[in-house]
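What follows is a single structure, written as structure tokens, with notes after it.
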Amino acid sequence: MQKNKIKKLNWMVYTGGIITAIIFIIVLIGRFYTPYDPSAMNGQLRLAGPSLAHIMGCDNFGRDIFSRVVEGAGTTLTIAVLVILIGASVGIFIGALTGYFGGVVDEVFMRVCDLITAFPSIMLALIIIAILSPSEKNIIWCLAILFIPSFARVTRSEMVKQKSQNYVKLAKLMGAGSFRIIFVHILPNMVPVLLPTITIGFNNAVLAEASMSFLGVGVSANKPSLGRMLSESQNFLVTGAPWYAISVGLAIVLLILGLSLLGEGLQQWRRNR
Amino acid sequence: MKYFLKKLITLIVTLIIISFLAFCAFQLIGDPIASMLGTNATPEAVAELKESLGFNRPILVRYFEWLTNFVKGDFGTSYSYNLPVFGMVMPKLGVTVFLTIIAFLLTVVVSIPLGALAARKENGIFDRLILIIDQVVMAIPPFFIGILLTCIFGVALRLFTPGLFVSFKENPSGFIGYMIFPAISIAIPRIAMTVKMFRSSIISQMQKDYIRTAYARGANSKRALKEHAIKNAIIPVISFLAVSLSEMLASCIVIEQIFSVPGIGRLLVSSIGTRDFTVVLAIVMILASWVVIVNFIADIIYQVIDPRIRFN
Numbered sequence: 302m303q304k305n306k307i308k309k310l311n312w313m314v315y316t317g318g319i320i321t322a323i324i325f326i327i328v329l330i331g332r333f334y335t336p337y338d339p340s341a342m343n344g345q346l347r348l349a350g351p352s353l354a355h356i357m358g359c360d361n362f363g364r365d366i367f368s369r370v371v372e373g374a375g376t377t378l379t380i381a382v383l384v385i386l387i388g389a390s391v392g393i394f395i396g397a398l399t400g401y402f403g404g405v406v407d408e409v410f411m412r413v414c415d416l417i418t419a420f421p422s423i424m425l426a427l428i429i430i431a432i433l434s435p436s437e438k439n440i441i442w443c444l445a446i447l448f449i450p451s452f453a454r455v456t457r458s459e460m461v462k463q464k465s466q467n468y469v470k471l472a473k474l475m476g477a478g479s480f481r482i483i484f485v486h487i488l489p490n491m492v493p494v495l496l497p498t499i500t501i502g503f504n505n506a507v508l509a510e511a512s513m514s515f516l517g518v519g520v521s522a523n524k525p526s527l528g529r530m531l532s533e534s535q536n537f538l539v540t541g542a543p544w545y546a547i548s549v550g551l552a553i554v555l556l557i558l559g560l561s562l563l564g565e566g567l568q569q570w571r572r573n574r
Numbered sequence: 037m038k039y040f041l042k043k044l045i046t047l048i049v050t051l052i053i054i055s056f057l058a059f060c061a062f063q064l065i066g067d068p069i070a071s072m073l074g075t076n077a078t079p080e081a082v083a084e085l086k087e088s089l090g091f092n093r094p095i096l097v098r099y100f101e102w103l104t105n106f107v108k109g110d111f112g113t114s115y116s117y118n119l120p121v122f123g124m125v126m127p128k129l130g131v132t133v134f135l136t137i138i139a140f141l142l143t144v145v146v147s148i149p150l151g152a153l154a155a156r157k158e159n160g161i162f163d164r165l166i167l168i169i170d171q172v173v174m175a176i177p178p179f180f181i182g183i184l185l186t187c188i189f190g191v192a193l194r195l196f197t198p199g200l201f202v203s204f205k206e207n208p209s210g211f212i213g214y215m216i217f218p219a220i221s222i223a224i225p226r227i228a229m230t231v232k233m234f235r236s237s238i239i240s241q242m243q244k245d246y247i248r249t250a251y252a253r254g255a256n257s258k259r260a261l262k263e264h265a266i267k268n269a270i271i272p273v274i275s276f277l278a279v280s281l282s283e284m285l286a287s288c289i290v291i292e293q294i295f296s297v298p299g300i301g302r303l304l305v306s307s308i309g310t311r312d313f314t315v316v317l318a319i320v321m322i323l324a325s326w327v328v329i330v331n332f333i334a335d336i337i338y339q340v341i342d343p344r345i346r347f348n
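Residue numbers (this note's numbering), protein chains in the order written: chain A, 302 to 574; chain B, 37 to 348.
Shown next, in the form of structure tokens:
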């Protein structure tokens, strides 16, 4: 009997995948339905504690925290998805070309990447936002630019490995052009490498967006976002509404935990393959 | 020596490139005239102010002037406070550097023994426990750790008053007692990462031939670990820790907001809000120099403890 060559996925992929899937489903439902209107205020419920009607309690304007968390997670995830879409496609494209062709451009590009990755991403994001001025659109562009080097690097180093493989030589012998070889032959073979990178990148994008909104340079103040809610909730820690900060914070932790488990698990699965 | 000089030249060139890029970027967008005079300014007033601020001269001339002043310690004047930037930034820089260094020491002191203990028995109970805690802790963003610590130690146990910063001059012991909590918030995620890295580094060293030789010569596992594996396993961790020094400085930007620590991070965020670009530029240059210099020191230490690097 032939043994299955692909090793079984590990527990981290399952746990992370389930957590992430549940959050995505809740957020998707939240686009159409939330238990309460996230921006409906109710003075009587100001800082009301968690109850059956409001499972996470209410904020300082009497708005239902759970509905706002769902909406805020939606904002955060939308930004993260866009950041990764832009960052990964540009990064993979550049990495694939520089890795395949090499030469001076490759050398220069990798030096630039080295320089960018030497700086902590929050620091760079703040600098770029300072230049562009804070807004939701600028946050997406700024983070997308910052995520390009990580994808470009991984793609490049894998491309260098793959291009000396026999199947690439064969494709060349059969007369395939460089672009066909890169995008039709090599890239599909790199999916197991790129998948964990994309998941980890997504995780970092969520964290970066939350941090920027927490600092007040992310999405605009009237839109719920997890980072901004957490920074607002801080004022009520001392005045007796700790559940506000804790429920928003736990939502962020759960989101990041799911994604990081998924990324870590996928990486281990790739190593064991 | 040749290696040292090569790295030193790279350091200086990198700093010059960064300073030029940053200066140009903030000059292009950071036009202070509009914010200083408002939208109803007459063209004559704008021209006059431009003249007096020296905005009419070529950018390269202005850059070299700014750079020489910067190196001499003249960071320019803040647009919004009309104060010398140097005097605004320096006391705050001291607070932030202090915070970073405490967090760094905490990370080193806690993570090295924990990593070694976890690696001693791979897949043992302690090892598994550490790995699970690590994975969870790494998912907690530093700012939420800060909030949790405020909740537990500030609100519930009353070990410090949240938001009430104690300055070093007023009360040195109170200052340290206050700063320890932001430092812990910065250190915890780093500790998790360092433990994980050190553990896997030791485990991969323990499978090498020289460890087998050590066993063959009669060493027990404790001795093989302590006297042979750790020395080699710690090399990648040292460079990771050096990079952590930059990451920790970046974490300060966020953590200072939570604990109301009057450091450089808070000044940076508020200056971005008021678009006070002389302050932003000065802080950006300080942060960038910190990162570049820390990386330089890491390269040198790396080369001293692992001479193979020099010959590669």
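For each residue, glycine too, the CB sits at the ideal point set by N, CA and C.
query, result
"If we cut at 8 Å on Cβ distances, does B/Asn159 have a partner in chain A?", "no"
"Do you know how far the Cα of B/Val305 is from the Cα of B/Pro298?", "12 Å"
"Just verifying my parser: in three-state terms, what is the DSSP assignment at A/Asp407?", "helix"
"Could one say the Cβ of A/Gly550 lies closer than 8 Å to chain B's Cβ atoms, at least one of them?", "yes"
"Quick one: Cα of B/Leu85 to Cα of B/Tyr115, how far?", "13 Å"
"Where does A/Lys304 fall in DSSP's three states?", "Model confidence at A/Lys304 stands at a pLDDT of 45, short of 50, so the residue's coordinates are unreliable and nothing is read from them."
"Determine whether the Cβ of A/Phe515 lies closer than 8 Å to any Cβ atom of chain B.", "yes"
"How is the alpha helix (DSSP H) around A/Gln345 delimited, first residue to last?", "Where A/Gln345 is concerned, there is no enclosing alpha helix (DSSP H), given that its DSSP letter is neither H nor E."
"Sorted by chain position, which residues of the same chain lie with C-beta nearer than 6 Å to A/Pro493's C-beta, five sequence neighbours on each side aside?", "Arg571"
"By DSSP, does B/Val131 sit in helix, in strand, or in coil?", "helix"
"Given 8 Å as the limit, is there contact between the segment 451–463 of chain A and the segment 489–506 of chain A, that is, 3 or more CB pairs closer than that?", "yes"
"Could you check the C-alpha separation between A/Met302 and A/Tyr315 for me, to the nearest Å?", "Here the model assigns A/Met302 a pLDDT of 39, short of 50, so the residue's position is not dependable and the matter cannot be decided."
"Going by beta carbon distance, what residues of the same chain come within less than 7 Å of A/Gly528, once the five residues before and after it are set aside?", "Glu510, Ala511, Ser512, Met513, Ser514, Phe515, Gly519"
"What's the call for B/Ser88, buried or exposed, on a 16-neighbour Cβ count within 10 Å?", "exposed"
"Give the interface partners of A/Val518 over in chain B, defined as CB-CB distance under 9 Å, in chain order.", "Val305, Ile308, Gly309"
"So A/Leu348 and A/Asn361 are supposed to be a Cβ contact under 8 Å. How far apart are they, rounded?", "6 Å"
"Residues of the segment 282–297 of chain B in Cβ contact with chain A at a cutoff of 9 Å, in chain order, please.", "Ser282, Glu283, Met284, Leu285, Ala286, Ser287, Ile289, Val290, Gln293, Ile294"
"In three-state terms, what does DSSP make of A/Thr376?", "helix"
"So which of B/Ala269, B/Pro218, B/Pro177, B/Pro208 has the shortest CA-CA distance to B/Gly190?", "B/Pro218"
"Is it true that the CB of A/Leu531 sits closer than 8 Å to the CB of B/Phe179?", "yes"
"Take B/Phe279 and list the residues in its own chain whose beta-carbon comes closer than 8 Å to its own, dropping the five residues that flank it on each side.", "The sequence given here places Val at residue 279 of chain B; Phe does not occur at that position. Cβ neighbours of B/Val279 beyond the five flanking positions: Val330, Asn331, Ala334."
"Does B/Pro225 come out as helix, strand or coil in the three-state DSSP assignment?", "helix"
"Three or more C-beta pairs under 8 Å: does that hold for the segment 308–319 of chain B against the segment 234–241 of chain B?", "no"
"Rounding to the nearest angstrom, what Cα-Cα distance links B/Phe59 and B/Pro272 in this structure?", "35 Å"
"So what's A/Tyr335 in DSSP terms, helix, strand or just coil?", "Here residue 335 of chain A is Thr; the residue named in the question, Tyr, does not match the sequence. Here A/Thr335 sits in coil by DSSP."
"Applying the criterion that 16 or more other CB atoms from any shown protein chain within 10 Å of the CB defines a buried residue, is A/Tyr468 buried or exposed?", "exposed"
"According to DSSP, is A/Gly358 helix, strand or coil?", "coil"
"Would a C-beta distance cut-off of 8 Å place B/Met235 and B/Ala155 closer than the cut-off?", "The question names Met, yet the displayed sequence has Arg at residue 235 of chain B. Their beta carbons are under 8 Å apart, which means B/Arg235 touches B/Ala155 by this criterion."
"Quick check: the Cα distance between A/Leu488 and A/Ile482, rounded to an integer number of angstroms?", "8 Å"
"What is the C-beta distance between B/Leu129 and B/Ile294, in whole angstroms, given that I count them as a contact (C-beta under 8 Å)?", "Rounded, the Cβ-Cβ distance is 19 Å, inconsistent with contact."
"Go ahead and label A/Gly344 buried or exposed: buried means 16 or more other beta carbons lie within 10 angstroms of its beta carbon, across all protein chains shown.", "exposed"
"Which of the three DSSP states, helix, strand or coil, is assigned to A/Pro435?", "coil"
"Near A/Ser534, which residues of its chain fall below 7 Å by C-beta distance, leaving aside the five closest residues on each side in sequence?", "Tyr545, Ala546, Val549"
"On the DSSP letters alone, give me the boundaries of the alpha helix (DSSP H) that A/Asn504 sits inside.", "492–515"
"Looking at C-alpha atoms only, which residue of B/Phe204, B/Lys205, B/Ile188 is the closest neighbour of B/Thr197?", "B/Ile188"
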